[in-house]
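Once you know that position 320 of the sequence shown is 320 in our numbering, the rest is easy, because the numbers rise by one and skip nothing.
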Amino acid sequence: MDAQVILRKQADRLYDEVLFSNLTVMGVSILVFIVFFDHVQSHSILLFSWSLTICLLSSIRLIVLFLYKKHNDIFGFTPKKWIILYTFLTGCVGIVWGLASIFYVIIDDVQINTLFYILISTVIAAAVPVLSAYFATFLAYTLPQLVLLTSMSIYQIETTSADKLVYILMFGFIAFYALMFSMAKRANHNLIRSLNLQEKNQYLVDQLNDEMIKREELIEERTKALQLSNEKLQASQAHMLKLSRAVESSPNSILIMDAKGTIEYVNKKCEQVSGYSATDMIGQRLESYKSNKMVSAFFDEIWHQVASDGHWSGEIENRRKDGSLYWVKLYLAAVYDDKQQISHYVAIYEDITESRKLAKKLSFQATHDDLTGLINRTEFERRLSMLVNDAQRIGTEHALCFLDLDQFKVINDTCGHIAGDELLRQLGSLLGNSTRKSDTLARLGGDEFAILVEDCELEKAEFIANEIKELISQFQFIWESQVFTVGVSIGVTMVTSHTRDRTEALKQADSACYAAKNSGRNRVYIYQEQDQQLTTQKGEFKWVNEIKDALTENRFELYAQPIVSTATGSLDMYEVLVRLRNRAGRLFPPGAFLSSAERYNLSERIDKWVVSHVFEWLEQHYTSVPHLKYLAINLSGTSLSNEDMLDFIKTKLSSASFRREMIKFEITETAAIGNLKQAHYFIKSLLELGCKFSLDDFGSGLSSFAYLKNLPVQSIKIDGMFVKDMHIDPLDYEMVKSINDIGHVMGLVTIAEFVEDEKIWQKLKAIGVDYGQGYHLGKPEPIDGILHHTQTIEPVA
Numbered sequence: 001m002d003a004q005v006i007l008r009k010q011a012d013r014l015y016d017e018v019l020f021s022n023l024t025v026m027g028v029s030i031l032v033f034i035v036f037f038d039h040v041q042s043h044s045i046l047l048f049s050w051s052l053t054i055c056l057l058s059s060i061r062l063i064v065l066f067l068y069k070k071h072n073d074i075f076g077f078t079p080k081k082w083i084i085l086y087t088f089l090t091g092c093v094g095i096v097w098g099l100a101s102i103f104y105v106i107i108d109d110v111q112i113n114t115l116f117y118i119l120i121s122t123v124i125a126a127a128v129p130v131l132s133a134y135f136a137t138f139l140a141y142t143l144p145q146l147v148l149l150t151s152m153s154i155y156q157i158e159t160t161s162a163d164k165l166v167y168i169l170m171f172g173f174i175a176f177y178a179l180m181f182s183m184a185k186r187a188n189h190n191l192i193r194s195l196n197l198q199e200k201n202q203y204l205v206d207q208l209n210d211e212m213i214k215r216e217e218l219i220e221e222r223t224k225a226l227q228l229s230n231e232k233l234q235a236s237q238a239h240m241l242k243l244s245r246a247v248e249s250s251p252n253s254i255l256i257m258d259a260k261g262t263i264e265y266v267n268k269k270c271e272q273v274s275g276y277s278a279t280d281m282i283g284q285r286l287e288s289y290k291s292n293k294m295v296s297a298f299f300d301e302i303w304h305q306v307a308s309d310g311h312w313s314g315e316i317e318n319r320r321k322d323g324s325l326y327w328v329k330l331y332l333a334a335v336y337d338d339k340q341q342i343s344h345y346v347a348i349y350e351d352i353t354e355s356r357k358l359a360k361k362l363s364f365q366a367t368h369d370d371l372t373g374l375i376n377r378t379e380f381e382r383r384l385s386m387l388v389n390d391a392q393r394i395g396t397e398h399a400l401c402f403l404d405l406d407q408f409k410v411i412n413d414t415c416g417h418i419a420g421d422e423l424l425r426q427l428g429s430l431l432g433n434s435t436r437k438s439d440t441l442a443r444l445g446g447d448e449f450a451i452l453v454e455d456c457e458l459e460k461a462e463f464i465a466n467e468i469k470e471l472i473s474q475f476q477f478i479w480e481s482q483v484f485t486v487g488v489s490i491g492v493t494m495v496t497s498h499t500r501d502r503t504e505a506l507k508q509a510d511s512a513c514y515a516a517k518n519s520g521r522n523r524v525y526i527y528q529e530q531d532q533q534l535t536t537q538k539g540e541f542k543w544v545n546e547i548k549d550a551l552t553e554n555r556f557e558l559y560a561q562p563i564v565s566t567a568t569g570s571l572d573m574y575e576v577l578v579r580l581r582n583r584a585g586r587l588f589p590p591g592a593f594l595s596s597a598e599r600y601n602l603s604e605r606i607d608k609w610v611v612s613h614v615f616e617w618l619e620q621h622y623t624s625v626p627h628l629k630y631l632a633i634n635l636s637g638t639s640l641s642n643e644d645m646l647d648f649i650k651t652k653l654s655s656a657s658f659r660r661e662m663i664k665f666e667i668t669e670t671a672a673i674g675n676l677k678q679a680h681y682f683i684k685s686l687l688e689l690g691c692k693f694s695l696d697d698f699g700s701g702l703s704s705f706a707y708l709k710n711l712p713v714q715s716i717k718i719d720g721m722f723v724k725d726m727h728i729d730p731l732d733y734e735m736v737k738s739i740n741d742i743g744h745v746m747g748l749v750t751i752a753e754f755v756e757d758e759k760i761w762q763k764l765k766a767i768g769v770d771y772g773q774g775y776h777l778g779k780p781e782p783i784d785g786i787l788h789h790t791q792t793i794e795p796v797a
């Protein structure tokens, strides 16, 4: 048997007694202190120390008990180490109990001495049931008491004229200890034998359970065993009765038939599964209980195979007495007599109805979308691969349509995900009823669908795609008395002998779908080689992947460009700009990738990265730049209309140590005008926290001054397209002057962009523009450069 298991159980026995025994030991030690205190007043401190030591050691053993019960694997302790630890502590307690014998000598009183022997004998006797689970623990506890008490008695005999009672007590104590030693040894032996027996029994039980698990695997072997048994028996009714008794308690349904296939015997399990009694079934044939779906010819084949091969196994569908259908795994074997003629047939049924239902359900779930019941992406890609292979092998043509709903997010955000799911279900049903049975309709995920149209030319595919577009456009989705319409962008590509694989086909259809969206949505776009729009889009896709990787790998970098006062030349404001460094180390300006980020909904993720890292930089350095008024952070239009972004900034500000006035957000005029209500709420929420706002590229919009009254910003940045030529173009000069004048009338600070030379700078000063920004005043540089700047700047010559 496993020694570790026995040790674990011995440890359990020891620790099961720890609580009561230690509380008892503590109580007895305190009682000894109280009883003997008057007899050893001159040594009361010694008696108190002895009692306190007993209590402390017992408390430690209680702590060890807690660790054993709650943290059994602490420090990687094995059962052996737990026993050794407990034995050590128990030995310490035994030594302290033995040291009580000092008081035996100190107190020169025969009655007290007798009481000591009784006390120690009681302690040793109490240790037999408590510590005999591990004999070494018993010895560690009792031997110190035996040795110390007898040593003190011998010392008393040698140094004093000891009373005869001392001899009697000492030898009686030794004899008593020998008896307790024998009892503890026997109890330990019996315990270990009992534990070994329990472990052996458990081993046998485990073996029995293993055999039970293997029962299903041995069904065929049992059938053969029945075959062999029947070959040795006489073909008689009495013999069949004996066999029926042998299998009566089988957990499987068992039937025995004569050579003609007529049922002669069924066991109880068969009656329970089928609902028919033995009386109902005897005299009938096996196929009498098949479902109507099973043709008679199928059973003819079964009987023919059993007659020729001696056995048959397979699955059949039967009908119960109540009319319900169920599936069984049937093992049918022939039984031969001494002349090798078939005398009987033995059938064993195993009800597999539930397992078939589960397998069918799992198979459906593996190939279908849970929400719509349509083919899922995995199954769709498998079928697409088959069509690609067919096209390559025999030159067939097929069409692949990629569908992406246009207004789905509006419904999902407005009415919630439950409404969005219901819309997808209804559209799945609508599309399913509108496609041919030979076509494959699938939901690829989210609001994306795909249709495979087999044996289809391009003109027909375009016609079908437009029909689908019109069908969805006319569809009305009603949710809680609201009526919604949706559009769909469809990309179409042909699967031909030139299609390399399914991945290429999906990429082509996906690219065409994006082109449909970029062309205005709710339209069909046909994939064509050398398509300029798709080529441009492909380049944007590369930037999309580069941006995603850069976010994951933290390859964006913060740069800062100074914003300089026209009046004082003070250098206390900067605009934060972002750069992307590719894996090769090349640095790209925002103009290279921000348009792709905005088109493919990545600008908000970039904004979060910038906000987070600017806040981190300020946390580290704001005490080193006391002259810094603010850092300007650009926000995209999607961030401005996203409440999640607002919550993100609020959370970051809530834990910031720097002044919130040091943050100014720059928003473009077109982004603010595009969603004025949400922009107003966004700005107002952060103004209340102390941040500032500036309207960037002012003057580029069509209704700038009208909308400016509704946006609570503190400054405007005059669009650089007016500033860069204002020193040579009178119209640009007047535009800058007008914007500056109106901005001042409205109480706004004005900032001019694109200050590229000294002439522009002097013109801006003359007009009275408050601040300037441009390469003449300072180029963008890594943000840490702010730490090395002075409070004023000299324009670049």
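By construction, the Cβ of each residue, glycine as well, lies at the ideal position given by its N, Cα and C atoms.
Which residue or residues does DSSP assign as beta-bridge partners of residue i?
i           : result
residue 327 : 317
residue 782 : 559
residue 312 : 332
residue 631 : 574 and 663
Quick one: grab the DSSP three-state call for residue i.
i           : result
residue 501 : coil
residue 460 : helix
residue 397 : coil
residue 666 : strand
residue 679 : helix
residue 703 : Bear in mind that a pLDDT of 43 at residue 703, under 50, signals an unreliable position, so the number given afterwards is only what the model happens to contain. Reduced to three states, the DSSP call for residue 703 is coil.
residue 588 : strand
residue 235 : Caution applies to residue 235, whose pLDDT of 47 falls short of 50 and renders its modelled position unreliable; the value that the coordinates give is listed next. Residue 235: coil per DSSP, three-state reduction.
residue 405 : strand
residue 518 : helix
residue 573 : strand
residue 545 : helix
residue 64  : helix
residue 523 : coil
residue 94  : helix
residue 21  : helix
Compute the minimum distance between the beta carbon of residue i and the heavy atoms of the ligand NAD, and state whether it is under 6 Å.
i           : result
residue 651 : The ligand NAD is absent from the structure shown, which contains no ligand whatsoever.
Along the chain, where does the alpha helix (DSSP H) that runs through residue i open and close?
i           : result
residue 391 : 377-394
residue 799 : Residue coverage of the chain in this structure runs from 1 to 797, which leaves residue 799 outside it and unanswerable.
residue 648 : 643-654
residue 639 : 637-640
What first and last residue would you give for the beta strand (DSSP E) that runs through residue i?
i           : result
residue 565 : 556-565
residue 343 : 342-351
residue 750 : 749-752
residue 696 : 692-698
residue 717 : 715-718
Assess contact between the stretch 346-360 and the stretch 252-261, defined as three or more Cβ pairs (one per stretch) separated by less than 8 Å. Is contact present?
yes
Assess contact between the stretch 743-755 and the stretch 585-599, defined as three or more Cβ pairs (one per stretch) separated by less than 8 Å. Is contact present?
no
Check whether the stretch 517-526 touches the stretch 739-751, counting contact only when three or more Cβ pairs, one atom from each stretch, lie closer than 8 Å.
no
Touch check for the stretch 513-521 and the stretch 435-446: three-plus C-beta pairs under 8 Å?
no
Validate contact between the stretch 375-382 and the stretch 280-298 using beta carbons, cut 8 Å, 3 pairs:
no
Any contact of the stretch 139-154 with the stretch 84-103, i.e. 3+ C-beta pairs under 8 Å?
yes
Should the stretch 44-58 be called in touch with the stretch 27-34, which here means at least 3 C-beta pairs below 8 Å?
yes
Alpha helix (DSSP H) runs wholly inside the stretch 413-493, at least 4 long, in chain order:
417-434 and 458-474
At 4 residues or longer, what runs of the alpha helix (DSSP H) sit wholly inside the stretch 256-307?
268-274 and 278-281
Take every Cβ of the stretch 270-279, pair it with every Cβ of the stretch 294-309, and state whether three or more of those distances are shorter than 8 Å.
no
Three or more C-beta pairs under 8 Å: does that hold for the stretch 488-498 against the stretch 456-466?
yes
Where in the stretch 154-219 do unbroken runs of the alpha helix (DSSP H), each at least 4 residues long, occur, reported from the N-terminal end onward?
164-213
Between the stretch 680-690 and the stretch 645-655, do at least 3 Cβ pairs fall closer than 8 Å?
yes
Check whether the stretch 325-336 and the stretch 303-313 are in contact - that is, three or more C-beta pairs closer than 8 Å.
yes
Below 8 Å, can you find three or more Cβ-Cβ pairs linking the stretch 554-572 to the stretch 772-784?
yes
Three CB pairs or more closer than 8 Å across the stretch 471-483 and the stretch 353-367
no
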